[in-house]
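Chains as they are written, first to last, in this note's numbering: chain A, 1 to 393; chain B, 394 to 786. Quick notes on the structure that follows.
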């Protein structure tokens, strides 16, 4: 008995006027309205939020969900946190509550409000998602951690800095271009990879060698929400259609030094297990939304998906496989790079984008006839890994 | 098919030398050893932690669980946060994962390391569990919020400040006395309520009128852990015995101004619903561990439990009902007031204490022949409420 997605909401992404409370409430109300479900019928609410404490001085965000509708008062509301995968963690918890028989209808909200802080402040809060004593406290930042991946990848596969830079620029350009069709995206830009390479150093500085500014995803405010239903409830409401075929969560050591710097080891396991549960292969996927917090992460995701063998991530780009219209469009929404990355919201955002694709109501590029979509959402430097596969019946 | 508790661990509570990482690892290893379960057989880990970010600059604590044992690598590990009820929230999530069929064996750890910060720092971090814009940011602290309850209670029930002070001093003294038998407790003290009343103002100053220093629970480091098992797995292992008869979670508005200041409205609902699910009444309980973050909260808990009618909390104390040996011993461990209150660990701590009571291996006073125990754990000013009922078969 699969869990179904019967309603969605996605906010604009960017530097928004709304507070974290406003974003939470709008997202919840939007998803309820989309599913035409009454708040009174919701059995529980799960909130994915990375650091309301660090960004907004608000821990214990869960009870604020009652402001969505007074009929949510007294219901169980829970915040789940696994860094930038907090949104997927909230989906997983809600799905288990439904499968446990504790809920027929669940509201899942991912939300983050990051732009209150300046760049130094955001960098500090994000660094708390790394192993603090071994990484963040020593001055390691997330661009620094993903630069380690970029270097590990070049070294393992004998890739020159020039070739890597071109590859990453092509990922950047693809995602900015994809975002042009996405009315909610933070940074749409109709550009070519040559535009990225040609930017003067001042306008695309090195952030952490070899990663430059345009290899980094954005600092964003945003929220997204889903209504999940048991199969029986979805059918009763006449809203069955998009089902969770698999949701797999794997964990690796928090500190990057304890694991591979050239591949997402735990991510591969999550994806392969999800394929097994959904009884599909990568060839069955119609699109994927993956965690391009840095461009190198998208390249490693191509390989984790099994779209191309390890070390051949560039083929996915060079052969046009991951373009809209290609074999497996990756991040047709623009991804974290160009849609934006409100970190605790991102897992739910990906799931909403995937659902809308499967409903034929894509936010942005529609992959015609899409029946199976995948999201791959990571927390930290891929210590927390979630792979979600959604299917249209 | 009930979920069973088959292993427990409880750290010392107080100002400890161990880091948050050490506490987490010791707790996990301790519970595995107690249940004699292999890490490889654990299907998932859930961590209750309030503010690793605020206290320790460590969000994304979940992957650190792999340091408990390398065989936990790649398994799902999730952090759950609902303020001082984070521990109960983690138990609830793990229970649902088992009931969903996603896990047969789950490790649940509650952990908090608070004493790194000075009093002002702790007060600020804790205030993030209140509604920040309407409470914390305006200077409202948790002693202040519970002082509102104390004033609301006096006003509604026409209780004089002197009578309230005597009542609260009796709660304080009972819990310090109970802690004398608890080798893990932070502040055991064989005292009488007169000792509390007689303390000079300098040694028991007003923190937030009418609450004084000795009405407040402690700033603590500590961790506790449980192994949960499906009924089938518990029986297979020969460890069935203590089962979760009910675990109910209710939520109220985060800001106290939006709800009653003289009772725990949502808490009453959680407790009543738990009684229904467990098919018991208050008369069937052999003991309770309740959330005495401030002495007034314990009095309100007596009433939420239905032990005495609203406004008659003092009867529970005056008639000796809640003493060890009384009708319903409350906080035989010493409670948050004297055992200590490592906030994100507290829900798991209560569940461990209850399990050990039911096993006849109490940490502290043993209630002879105890068969049914209850825990009542709250987050914020009772916005998040969890009632757990455990039964010995």
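By construction, the Cβ of each residue, glycine as well, lies at the ideal position given by its N, Cα and C atoms.
Taking residue i and residue j to be in contact with their CB atoms under 8 Å, please state how far apart those CB atoms are, rounded to whole angstroms.
i: residue 734/B; j: residue 649/B; result: About 19 Å; that fails the 8 Å criterion.
i: residue 388/A; j: residue 91/A; result: 7 Å
i: residue 604/B; j: residue 687/B; result: 6 Å
i: residue 267/A; j: residue 316/A; result: Between residue 316/A and residue 267/A the Cβ distance is about 16 Å, and since that is not below 8 Å, they are no contact.
i: residue 11/A; j: residue 26/A; result: 6 Å
i: residue 347/A; j: residue 88/A; result: 3 Å
i: residue 371/A; j: residue 392/A; result: 5 Å
i: residue 486/B; j: residue 439/B; result: 5 Å
i: residue 563/B; j: residue 542/B; result: 17 Å between Cβ atoms; not a contact.
i: residue 154/A; j: residue 446/B; result: The pair is not a contact, with the Cβ atoms about 33 Å apart (cut-off 8 Å).
i: residue 174/A; j: residue 323/A; result: 6 Å
i: residue 458/B; j: residue 470/B; result: 5 Å
Residues bridged to residue i by DSSP?
i: residue 392/A; result: 242/A
i: residue 384/A; result: 251/A, 379/A
i: residue 477/B; result: 475/B
i: residue 624/B; result: Its beta-bridge partners do not exist; DSSP assigns none.
i: residue 374/A; result: 288/A, 389/A
i: residue 459/B; result: In the DSSP output, where bridge partners are listed per residue, residue 459/B has none listed.
i: residue 723/B; result: 681/B
i: residue 503/B; result: 441/B, 617/B
i: residue 611/B; result: Answer is none; residue 611/B lacks a bridge partner.
i: residue 211/A; result: 208/A
i: residue 294/A; result: 216/A
With a threshold of 16 other CB atoms inside 10 Å of the CB of residue i, please say whether the residue is buried or exposed.
i: residue 120/A; result: exposed
i: residue 571/B; result: buried
i: residue 58/A; result: buried
i: residue 553/B; result: exposed
i: residue 1/A; result: exposed
i: residue 599/B; result: exposed
i: residue 433/B; result: exposed
i: residue 596/B; result: exposed
i: residue 281/A; result: exposed
i: residue 163/A; result: exposed
i: residue 511/B; result: exposed
i: residue 679/B; result: buried
i: residue 183/A; result: exposed
i: residue 531/B; result: exposed
i: residue 415/A; result: This structure gives no information on residue 415/A, because the portion of chain A shown stretches from 1 to 393.
i: residue 614/B; result: buried
i: residue 309/A; result: exposed
i: residue 426/B; result: exposed
i: residue 158/A; result: exposed
i: residue 361/A; result: exposed
i: residue 38/A; result: exposed
i: residue 232/A; result: exposed
i: residue 762/B; result: exposed
i: residue 200/A; result: exposed
Just curious, the alpha helix (DSSP H) that residue i is in, first and last residue?
i: residue 163/A; result: 161-179
i: residue 497/B; result: Where residue 497/B is concerned, there is no enclosing alpha helix (DSSP H), given that its DSSP letter is neither H nor E.
i: residue 425/B; result: 413-428
i: residue 745/B; result: 739-751
i: residue 207/A; result: From DSSP, residue 207/A is part of no alpha helix (DSSP H) but of the beta strand (DSSP E) over 206-208.
i: residue 74/A; result: Here residue 74/A belongs to no alpha helix (DSSP H), and DSSP marks it neither H nor E.
i: residue 729/B; result: 728-731
i: residue 15/A; result: Per DSSP, residue 15/A belongs to no alpha helix (DSSP H) and is neither H nor E.
i: residue 315/A; result: 313-318
Locate the beta strand (DSSP E) running through residue i, then write down its first and last residues.
i: residue 699/B; result: That residue, residue 699/B, is in no beta strand (DSSP E); it is neither H nor E in DSSP.
i: residue 10/A; result: 4-10
i: residue 438/B; result: 437-441
i: residue 288/A; result: 287-290
Report task. Could you list the residues in the segment 437-462 of chain B with a C-beta less than 9 Å from some C-beta on chain A, going in chain order? Result -> 437, 438, 442, 443, 444, 445, 446, 447, 449, 450, 451, 452, 453, 454, 455, 456, 457, 458, 459, 460
Query - Near-chain A residues of the segment 461-494 of chain B - C-beta to any C-beta below 7 Å - result: 466, 467, 468, 469, 470, 471, 472, 473, 474, 475, 476, 482, 486, 489, 490, 492, 493, 494
Requested in this report: Could you run through the segment 234-251 of chain A and flag, in chain order, every residue whose CB is less than 9 Å away from some CB of chain B?
Outcome: 248, 249, 250, 251
Requested in this report: Would you list, in chain order, the members of the segment 133-146 of chain A that have their beta-carbon closer than 8 Å to a beta-carbon of chain B?
Outcome: 133, 136, 137
Query raised in the report: Quick one, which residues of the segment 250-277 of chain A are near chain B if we go by CB-CB under 7 Å, in chain order?
Result: 250, 251, 252, 253, 254, 266, 269
Report task. Check distances from the C-beta atoms of the segment 336-363 of chain A to those of chain B and list, in chain order, the residues that come in under 7 Å. Result -> none
Query raised in the report: Going along the segment 763-778 of chain B in order, which residues come within less than 8 Å of chain A, judged by CB to CB distance?
Result: 772, 773, 776, 777
Query raised in the report: Residues in the segment 511-526 of chain B with C-beta within 7 Å of chain A's C-beta atoms, listed in sequence order?
Result: 521, 522, 525
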